[in-house]
Amino acid sequence: MISDSEIEEGNGTPVPGSSLDPDSPLVDSPVYPGSPRRAVASYGEEDSFVSEPVVEATVEPTTQPNRSPIPPPNPSCKADDGFSALAQELEGYTWEQLQQRFIEEMDERSKTENILQKETADLLEVFMAWSQTTTFRDEDRAYKRFKTRMDHVRNSEASLEEKKAHYASVVKAFENALDLLRTG
Numbered sequence: 001m002i003s004d005s006e007i008e009e010g011n012g013t014p015v016p017g018s019s020l021d022p023d024s025p026l027v028d029s030p031v032y033p034g035s036p037r038r039a040v041a042s043y044g045e046e047d048s049f050v051s052e053p054v055v056e057a058t059v060e061p062t063t064q065p066n067r068s069p070i071p072p073p074n075p076s077c078k079a080d081d082g083f084s085a086l087a088q089e090l091e092g093y094t095w096e097q098l099q100q101r102f103i104e105e106m107d108e109r110s111k112t113e114n115i116l117q118k119e120t121a122d123l124l125e126v127f128m129a130w131s132q133t134t135t136f137r138d139e140d141r142a143y144k145r146f147k148t149r150m151d152h153v154r155n156s157e158a159s160l161e162e163k164k165a166h167y168a169s170v171v172k173a174f175e176n177a178l179d180l181l182r183t184g
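In the UniProt record's numbering, the protein residues as written are 1 to 184.
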């Protein structure tokens, strides 16, 4: 339906920029190729205003929906891994039986998981004890090495002091000998 705001009052000419304006980008525009085309009354025929009916139709997609590249399972194929036997076993179950079976299987898996967690915790405890023992042993060895180095430094310093005193006495003896030679 054409709105009154698209037509100027009195003369029936379209408002510039409205969808009825022949110069409007909405009418027969390459930018809007799918825009509805409405016939506009010529400027000379103000009394007669004829428009073409707009036909609206729903468009159905012409392409098929994308299908999975994975083929559906073939019921005639027998799996060697035991899943087919399990599937045949479960076919006769009701929903309640299936839920009960699921709960039982999950309980069994939970028990196994709890056992593994306990074993892991025990192994971690043993590892921590070993780690602490190694740390204590390393600290003890480091302390003994430190004591040995300190003793070595003390002995080296004492030996150096003895050598220094000995050299000082040798120098003193040479000085005394030179004094005797000069005086005599």
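Don't be surprised by glycine CBs; every beta carbon is placed ideally from N, CA and C.
Quick caveat, the model's predicted, so the values are computed rather than measured.
| Asked | Found |
| --- | --- |
| Just reading off the alpha helix (DSSP H) that T183 is part of, what are its end residues? | W95 to T183 |
| Using the beta-carbon count (16 or more within 10 Å), is A39 buried or exposed? | A caution first: A39 carries a pLDDT of 48, below 50, which makes its placement in the model unreliable, though a value can still be read off. A39 should be labelled exposed. |
| Keeping to the same chain, check which residues put their C-beta closer than 8 angstroms to that of K111; ignore five residues upstream and five downstream. | none |
| Between E119 and V153, what straight-line distance do the alpha-carbon atoms span, to the nearest angstrom? | 51 angstroms |
| Output needed for L98: all residues of its chain with C-beta closer than 8 angstroms, excluding positions within five of it in sequence on either side, in chain order. | L90 |
| Using a Cβ-Cβ cut-off of 6 angstroms (strictly less than) and excluding sequence neighbours within five positions of residue 255, which residues of its own chain qualify? | Any answer about residue 255 is impossible in this case: the structure gives the chain only from 1 up to 184. |
| Cutting at 8 angstroms between CB atoms, please list the residues of its own chain near N176, excluding the five before and the five after it. | none |
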